[in-house]
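Chains as they are written, first to last, in this note's numbering: chain Y, 4 to 311; chain Z, 405 to 910.
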């Protein structure tokens, strides 16, 4: 009898803990933060060798290039969608669920598990996802309040590529991305050798937005970890050796490589939803190019202007 | 001094003592190293452990550390399996002693030196000793295979209820096949390990699963890790079969299937190397079907035996369904060992089949991150299920009785099944919830998984603390087990030998 009472008590206590933990995301107001980091800025990455990957293979990049200092923001992406939609570069899919754009297709090798990516219209951005940060009234995209300087998310690889190409740029290759993130000294994180909770936005990093929205948190505005203190929350200045921000955590970033024998596209940098080991500069993730997620964004690269 | 010697002899010379030491060390390693990941990191426990113990956790060396940690725990589990096999399969006493001593030294050296190397700076002497420890475990495996050799006439059986082929004991042959397969599969890993630093780089298999250009050495590791875990599971199923005195028609069907399945599965995983995946999977599936069918027959036999024995004990001749069910569930240790094999299908086999069916729809679109979750989840669960069956077996072995038997058994079964079920839902969450709305599912499943694990760990901790306290009791359970193991008699024999040797030397 005593055992039964103990068991019932134990189950009730467990149920209470469960209910308490699953009260859902509170409808807290989004904190609007101006970081002072310019999302239109570019960083120069000079030609030269660097140590790539976990096992530090000496890799040469024999040209200068530039990479965006921050991820593409919601405001920048909304501007692109409005411009590209109005000039016909992109369209709404027939079933009205996605924005689509033309992609010339990949060579198909028929390799095991490889999927065909044929020429044609492919999804760039979903219109029916409730987690996107843009509103669409049928004609114009606007950024949901408070998210103008957060990284653009739910952008497919096709969408990220379309954005960069629209302005004459490109997605960075994995090599370009990693060199921009770690420089030449083989460091595991963009800012150095150790990771503190206020270096980057990752799972359970207890950042300001996590405190507001719970464990899963939210994206942080681009350039958030720049040494400033926001509402009492102190960040560490965490740029890469070339002054590039958010190369670890916040959102995964699409890279531009199209690899042989596979349709997957690769992402770098980890995200707010990952544990810290995914934030190491060599860690990668990949998905089909039509995949869109609240934890995936991108930035662009371009050839360095002569004289830079 | 004599008291210490007696305890030492119990812990390192009796099967029950050896199993206890290995379980205690695994529990200790799990308790400490478990604080380095998952929620323990979120709660800041990891930082405390690192500071207290002075761990050196270089970010670039994480994968290497994990590989060594896996091996350290695996060697202790292998040692437990060896102890159980040398205990239940007939062999000469000196063979049992030599095998147990070798595997014990091997796993202890690899455990202490491996962890020392991986987590406390890189003292290469420790790495060398770690490899030496692994080699000793391999050597113990060679001795075990030799001891299990089934074609010796003295081990032939004529029992009509046992599977045999003109006297050749097929159960013993199944043990032998498993041991030989494990030795060959260990070589797969060892060869790759020998190339470490000479073109082979440390990796975790789940990280390169989508890479179309894996090296031959990487395929060897992928084959190695899969088959080693499967063979440990097979070894345990065979031991459980002996525990249940598996006999009759099901035994006669099951043992050939187990032997055939072990051989086919092993060939399949080895052929991953030359075939670079490809049709090796088909061979593995065929082998798995044989082994799973053999295990199913064991479960059917075992459940029926539990019910039959209990009903006979209570004098019930014609039982209702309810009486049958109560009889089945009356002993959680015996029921649990078989039930966990059934439950394994829900959390491992069926998930694998489902994923294979939905391959194009799911894995070809989902991020690697989600695929990786399923991969690591399913093998952690399989390892966990193996661990729980060992615990249930051990609890029966030391003859837990009454309420303690009930509480311990049900805590292990319910706690682990809750945890494994929750992790399975967590792995597969993308099927029914979008990323934007996943957090409540993550919170629920993680909480349930943690709660389940805590229940199992508390049961384990209770058992270990009790056994530790018991060691301080001059006439505790350990003393009974000491006597049962015949260590008193052995001591007299050794004493007599030494005395006569001294006399002869005079």
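Here a beta-carbon is modelled for each residue, glycine too, at the ideal position from N, C-alpha and C.
| query | result |
| --- | --- |
| Does residue 270(Y) pass the burial test, meaning 16 or more other C-beta atoms within 10 Å, or should it be called exposed? | buried |
| Is residue 592(Z) close to chain Y, meaning its C-beta is less than 8 Å from at least one C-beta of that chain? | no |
| Once the 5 residues before and after residue 521(Z) are set aside, which same chain residues still bring their CB inside 8 Å of it? | 472, 527, 528, 530, 531, 534 |
| Please name the residue, chosen from 730(Z), 636(Z), 888(Z), 658(Z), that lies closest to residue 701(Z) on a Cα-to-Cα basis. | 658(Z) |
| I think residue 655(Z) touches residue 566(Z), with their Cβ atoms under 8 Å apart; what is that distance to the nearest whole Å? | 6 Å |
| Residues bridged to residue 146(Y) by DSSP? | 137(Y) |
| Taking 8 Å as the CB-CB cut-off, is residue 251(Y) touching chain Z? | no |
| What do you reckon, are the CB atoms on residue 822(Z) and residue 852(Z) nearer than 8 Å? | yes |
| List the residues that DSSP assigns as beta-bridge partners of residue 126(Y). | 103(Y) |
| Within its chain, find whatever has a CB closer than 8 Å to the CB of residue 39(Y); leave out the 5 residues flanking it on each side and keep chain order. | 226, 229, 231 |
| Thinking just about the alpha-carbon of each residue, which of 469(Z), 483(Z), 411(Z), 730(Z) is nearest to the one in residue 502(Z)? | 483(Z) |
| Taking 6 Å as the limit between beta carbons, can you name the residues of its chain near residue 107(Y), skipping five residues before and five after? | 122 |
| Say whether chain Z places a C-beta atom closer than 8 Å to the C-beta of residue 293(Y). | yes |
| Within the 8 Å Cβ cut-off, does residue 24(Y) reach chain Z? | Since pLDDT at residue 24(Y) reaches only 47, below the 50 mark, its modelled position is unreliable, and the value read off the structure follows with that caveat. Cβ-Cβ to chain Z under 8 Å: yes for residue 24(Y). |
| Assuming residue 675(Z) and residue 687(Z) form a contact by the criterion Cβ under 8 Å, report the distance between their Cβ atoms to the nearest whole angstrom. | 6 Å |
| Taking 6 Å as the limit between beta carbons, can you name the residues of its chain near residue 421(Z), skipping five residues before and five after? | 414, 415 |
| Would residue 50(Y) be called buried (16 or more neighbouring beta carbons within 10 Å of its own) or exposed? | exposed |
| From the beta carbon of residue 861(Z), is the nearest beta carbon of chain Y less than 8 Å away? | no |
| Going by the beta-carbon positions, is the gap between residue 186(Y) and residue 244(Y) smaller than 8 Å? | yes |
| Within this structure, are the beta carbons of residue 119(Y) and residue 128(Y) separated by less than 8 Å? | no |
| Within the continuous alpha helix (DSSP H) that includes residue 217(Y), where are the two ends? | First-last for residue 217(Y): undefined, no H or E at that position. |
| What are the residues of the region 752-782 of chain Z that lie near chain Y, defined by any Cβ-Cβ distance shorter than 7 Å? | 768, 769, 770, 771, 772, 773 |
| Among 652(Z), 475(Z), 867(Z), 611(Z), which residue has its Cα nearest to the Cα of residue 796(Z)? | 867(Z) |
| Between residue 813(Z) and residue 799(Z), is the Cβ-Cβ spacing less than 8 Å? | yes |
| Would a check of beta-carbon distances place residue 622(Z) closer than 8 Å to chain Y? | no |
| How should residue 678(Z) be labelled, buried or exposed, when 16 other C-beta atoms within 10 angstroms of its C-beta is the threshold for buried? | exposed |
| Specify the secondary structure class of residue 423(Z) as computed by DSSP and reduced to three states. | helix |
| For residue 681(Z), would you say it is in contact with chain Y, using Cβ-to-Cβ distances shorter than 8 Å as the test? | yes |
| Can you give me the start and stop residues for the beta strand (DSSP E) that residue 646(Z) sits inside? | No beta strand (DSSP E) contains residue 646(Z), which is instead part of the alpha helix (DSSP H) from 620-647. |
| If I measure Cβ to Cβ from residue 610(Z) and keep anything under 6 Å in the same chain, skipping five residues before and after, which residues do I get? | 776, 779, 780 |
| Does the beta-carbon of residue 586(Z) have 16 or more other beta-carbons within 10 angstroms, so that it is buried, or is it exposed? | buried |
| Taking three-plus beta-carbon pairs below 8 Å as touching, is the region 765-773 of chain Z in contact with the region 723-736 of chain Z? | no |
| My output table needs one value for residue 573(Z): the three-state DSSP class, helix, strand or coil. | strand |
| By how many angstroms is the C-alpha of residue 693(Z) removed from the C-alpha of residue 29(Y)? | Confidence at residue 29(Y) is low in this model, with a pLDDT of 41, below 50, so the placement of that residue should be treated as unreliable; the coordinate-derived value is given next. Answer to the nearest angstrom: the Cα atoms are 49 Å apart. |
| What are the residues of the region 106-140 of chain Y that lie near chain Z, defined by any Cβ-Cβ distance shorter than 8 Å? | 114, 115, 116, 117, 118, 132, 133, 134 |
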